[in-house]
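Residues 1 to 151, numbered by my numbering, are exactly what the sequence shown covers, in order.
Notes follow the structure.
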Amino acid sequence: MRAEWDKDMDIDEMMLQGICLKKLLEKKMAPLMQEYGLRPVELDILFFLDMQKGVDTARELIRIRHLSKAHISKSVDNLRKRGFITLMEDGEDHRLMHIRCTERAKEAAARVRSVYQECQNIVMKDITAEEYRQMEIVLGKISRNVERELG
């Protein structure tokens, strides 16, 4: 580890790596987007709903995935129209709608999971267990710093 480092240079590199990772994911997701007629955010929502049991409202998607209300609303509407999800009114709060994945959504989410795994394998190639542990520590700190700043 360097004793002194140029924070400006490192943030630029981190941003570039984030952009490159996003491009890799988009490239690998393109066949699924074409097949299902969905946008990347919609595939991500299906994957998220499938992975996060008990997190099933638009409000939670907005909070956890950091997406705008309009973006979620449009995506949920499109997913419902295409038969990937159903909406179910909450038993106690009639303003709250729970999002339920259909079998079609579960199939799509499994395929998204497979693409994410493929991308992880590409990105993590030649990374040692120790490097991975260090990366987890650093990324955790970065994430906490950003979350704290965003409030």
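All residues carry an ideal CB built from backbone N, CA and C; glycine is no exception.
Cβ neighbour criterion (16 or more within 10 Å) applied to residue i
i	result
Val115	buried
Met29	buried
Tyr132	exposed
Ser143	exposed
Val112	buried
Ser68	exposed
Sub-8 angstroms separation of residue i and residue j beta-carbons
i	j	result
Leu87	Ile72	no
Gly18	Arg82	no
Ala105	Ile85	yes
Cys101	Leu49	yes
Whole-angstrom distance between residue j and residue i, CA atom to CA atom
i	j	result
Asp90	Leu150	30 angstroms
Val146	Asp12	16 angstroms
Gly140	Lys27	27 angstroms
Met33	Thr128	33 angstroms
Inset, instruction - With a floor of 4 residues, list each alpha helix (DSSP H) that falls wholly inside the region 19-68, ordered by position along the chain. - result: 40-51, 58-65
Legend entry - Ordered list of beta strand (DSSP E) runs contained in the region 68-121, each at least 3 residues: 85-89, 97-101
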